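S.K.: Residue numbers (this note's numbering), protein chains in the order written: chain A, 62 to 323; chain B, 4 to 606.
The beta-carbon is built from N, C-alpha and C at its ideal position, and this holds for glycine as well.
Bear in mind that the values here come from a model prediction, so they are computed numbers and not experimental data.
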Ligand SMILES: Cc1cc2nc3c(=O)[nH]c(=O)nc-3n(C[C@H](O)[C@H](O)[C@H](O)COP(=O)(O)OP(=O)(O)OC[C@H]3O[C@@H](n4cnc5c(N)ncnc54)[C@H](O)[C@@H]3O)c2cc1C
Ligand code: SF4
Ligand code: SF4
Ligand code: FES
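1. 8 Å is my cut-off, CB to CB: does residue 266 (chain A) come that close to chain B?
2. Kindly indicate which residue of B:595, B:525, B:97, B:245 has the alpha-carbon position closest to the one of residue 56 (chain B).
3. Evaluate the contact criterion for the region 225-236 of chain B versus the region 573-593 of chain B: three or more CB pairs, one atom per stretch, below 8 Å.
4. Within its chain, find whatever has a CB closer than 7 Å to the CB of residue 42 (chain B); leave out the 5 residues flanking it on each side and keep chain order.
5. Could you have a look at residue 472 (chain B) and say whether DSSP puts it in helix, strand or coil?
6. Is the number of C-beta pairs between the region 393-412 of chain B and the region 9-29 of chain B that are closer than 8 Å three or more?
7. Please confirm if residue 121 (chain B) has its CB atom under 8 Å from at least one CB of chain A.
8. The beta strand (DSSP E) that contains residue 379 (chain B), what's its start and end?
9. Strictly below 8 Å CB to CB, what residues from chain B border residue 107 (chain A)?
10. Comparing C-alpha positions only, which one of B:250, B:209, B:464, B:216 sits nearest to residue 50 (chain B)?
11. Could you tell me whether the Cβ of residue 475 (chain B) comes closer than 8 Å to any Cβ of chain A?
12. DSSP three-state call for residue 238 (chain B): helix, strand or coil?
13. Taking only the alpha-carbon atoms, compute the straight-line gap between residue 66 (chain A) and residue 471 (chain B) and give it to the nearest angstrom.
14. Heavy atom of ligand 1 less than 7 Å from the Cβ of residue 40 (chain B), yes or no?
15. Identify which residue in B:93, B:291, B:134, B:163 has its Cα closest to the Cα of residue 356 (chain B).
16. Is the region 581-592 of chain B in contact with the region 234-242 of chain B, if contact means three or more CB pairs nearer than 8 Å?
17. Give the DSSP-derived three-state secondary structure of residue 430 (chain B) in the structure shown.
18. Closer than 8 Å, CB to CB, is residue 132 (chain A) near chain B or not?
19. From which residue to which residue does the alpha helix (DSSP H) around residue 217 (chain A) run?
20. On the CB-based measure, 16 or more other CB atoms within 10 Å of its CB, does residue 611 (chain B) come out buried or exposed?
21. Using the three-state DSSP reduction, which class does residue 134 (chain A) fall into: helix, strand or coil?
22. In whole angstroms, give me the CA-to-CA distance for residue 519 (chain B) and residue 465 (chain B).
23. List the residues that DSSP assigns as beta-bridge partners of residue 21 (chain B).
24. Give the single residue among A:219, A:226, A:237, A:228 whose Cα lies nearest to the Cα of residue 129 (chain A).
25. Counting C-beta neighbours from all protein chains within 10 Å, is the total for residue 54 (chain B) 16 or more, i.e. buried, or is it exposed?
26. Identify the continuous alpha helix (DSSP H) that holds residue 269 (chain A) and give its terminal residues.
27. Which one of A:255, A:151, A:275, A:268 has the shortest CA to CA distance from residue 295 (chain A)?
28. With a threshold of 8 Å on Cβ separation, who are the neighbours of residue 86 (chain A) within its own chain once the five nearest residues in sequence on each side are excluded?
29. Is it buried or exposed for residue 448 (chain B), if we count other Cβ within 10 angstroms and need 16 for buried?
30. Taking the beta carbon of residue 344 (chain B) as the centre, do at least 16 other beta carbons fall within 10 Å, making it buried, or is it exposed?
31. Against chain A, with Cβ distances strictly below 8 Å, would residue 144 (chain B) count as a contact?
32. For residue 184 (chain A), count the other beta carbons within 10 Å of its own beta carbon; 16 or more makes it buried, fewer makes it exposed. Which is it?
33. With 8 Å as the threshold, decide whether the Cβ of residue 23 (chain B) is near any Cβ in chain A.
34. For residue 83 (chain A), decide whether its Cβ has a neighbour in chain B, counting only Cβ atoms nearer than 8 Å.
35. Does residue 588 (chain B) come out as helix, strand or coil in the three-state DSSP assignment?
36. Go to residue 168 (chain A), then tell me how far its alpha helix (DSSP H) extends in each direction, as first and last residue.
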């Protein structure tokens, strides 16, 4: 099928530049194959992350011609080869080396989220009753492979770098909270956390995160918007506020009506 | 010499399902735990597992129980399994699965609202708890999100290159951070190896770069024994086209949901070759097989769901004899089920979402209308570090192993779904016993000279002229050779030839040079992985030569049948005092009567 030219960003936290490489392209090849070929023949110290090569582990995120994508799921046939293809690391995270970035901040955010706190088991063997419909709703979020492409794309993190004060948890962790919040067995309240610590208010629903998600999770429509509504109900709705006061206790009070599937 | 030191009571090497579960358990016992992994947390092989996790929950078929699961596992392993491990596994898997649910896993459900279970090869009843075809992701994320709140210290993108000993017992591990090549020393009272498999010894594999047999090799060089190394699982259905995705797994779940194997004449060739010990359990007609996959309790399983070793060899035969598909595989057809059910396309997408996605994106093929092309791929290693069944301790005091890098439970062939259950059952046990061991031990002494020797060895490739050997080239050649000479069908002369080649590879490894610096340098990392790959390849080849019969994942053209004599032994390798690999046969301990009765009752 011929050759392709790549401009790959080479460097580390102190800076770097694009270097030119050439790769032989064969049928069905993906960008990650080309990177491996370059590694094996021209640049053995070219750094990139990968594991599964099948879009299942979320390791190989990078920006291909400026678009945040998984290198292992981007077929060469889908990219024009008449011009050089640029490959660079995700922009929103500190550079480590070449295509590898420091994504440790994401792990810190995850740790802030209290894990599942299930209600008492329904059955004597310690299990619960849960229907497939109930499971479906959160299984969508649980498909997340933690590629952090959505985090990389969200302008709040990418352009405003809101990783400290104020800190925005980012779309990945909004849906993580959503998956726990909508979990039929859960009894923990994380709404204050999403409002005050993960600052869900900073999201202005541009939906860019949803567009890049390789798992096609409807991050904004099914995760963030319902969460925002619940935060509003909980903290800003005067009627709910009084109801909450009366019932004393937040989690029980908040109406657990099924959230819309958009 | 420059390195940082960390001290823990228990150090777990590997953060797949086995390592995470071990770390959680050890931490719960109140000791300090360190957890090391080569990739980022949550990216281990476990994340790729698709089909499900085997546990006799009996949610779908109430005839299931631990005894049937045990008997299935032993039959699948052709009776050279460690029967005690198979027993513990079958008994404890259900509780480990329920525990996952407590920790947040969301499995697919039955109509009654319980955990749903699906059919898989070699399992008599629907037994695999699953989440579509991304069960491994659910398992690892659940353990990860639970584990990070248990006070475990995680060291990511850190690779261990050698274990350290104080006299007989293990006392530490030495490694480097991938990010910048910094060296690191872990001192620990007990160490758990949970490093997964070694598929990267072969050219066509479903494994990632991580599968280089590090734990096998670390354990071996530290004095532990390896057993059953000749038993490699070649999964029958890997992708074969396009070339760049060759080897990527196509889950057995496709066949569990009714998918059939067809050759280029449109024949369902699996019906032609059914082993005697499975005849009574296999469907007579296409229609009966279909009913089985749809949960009819009176139907028997279709021949596509025979054990993996057998299906893989049948596919190879079809291809060899000219009945293969366009690109050298056979056809796997799930689209045909439209003959039986309406809305088949939607059904397939819901049951096998990631397979649909994988073929669509990587193969440009719609599995709801077209057949897939599949062929065998190196998938799993049954062999590994020999451990005590109950405690998972190796013969090196303080050194434990669990998960794919440990051996015993699977015998000559692993049943699908038995690995995800294995890793959490024995991960837990390893963590528990490592913690117990650590509570009664103190930190061992580190020998600085030994550290300097290791460092010298590890940085040596930077000091050689760049014109000498390239690590990637050696790795490729090794993989090609292992594929050809010690692959799915083996002979004495080819394995001998491979053994000779390994000697040359060892010599070439001594000449590998790498360019650049120690910052995230894949060339350097590959050169270090080669040490492990060569070690395990040698184990495979020497064990394979010794087992002069065909059984499970070890098929020899020169000894195509099972032999009673070899059915009574395991092959064991260890490092001799001269540094050379020693191989021997060892009788399998007699199975106690109560287990023999279980097997008889489930014939
Ligand atoms: C594509 C695919 C699909 C599968 N599907 C199924 C299925 O449906 N059901 C089933 O039961 N089984 C399945 N398996 C098998 C199963 O996934 C694995 O056997 C199992 O996950 C192994 O788990 P583990 O914890 O032992 O090791 P792994 O998950 O492989 O983890 C190994 C860990 O060790 C670390 N490590 C390795 N070497 C070093 C070192 N030198 N230093 C530091 N850390 C190190 C790695 O970074 C990693 O964290 C599948 C396997 C594959 C590849
Ligand atoms: S919708 Fe919100 S989270 Fe998603 S990219 Fe836009 S601002 Fe970021
Ligand atoms: S939500 Fe989607 S884009 Fe974001 S990390 Fe998960 S898989 Fe990646
Ligand atoms: S390598 Fe796993 S997602 Fe690309």
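M.R.: Let me lay it out:
1. no
2. B:97
3. yes
4. 160, 213
5. strand
6. yes
7. no
8. 375-384
9. 525
10. B:209
11. yes
12. strand
13. 28 Å
14. yes
15. B:134
16. no
17. helix
18. no
19. 216-219
20. With chain B covering 4 to 606 only, the question about residue 611 (chain B) has no answer from this structure.
21. helix
22. 8 Å
23. Paired residues: none, contrary to the question.
24. A:219
25. buried
26. 269-273
27. A:255
28. 62, 63, 64, 65, 95, 137, 142
29. exposed
30. exposed
31. yes
32. exposed
33. no
34. no
35. strand
36. 165-173
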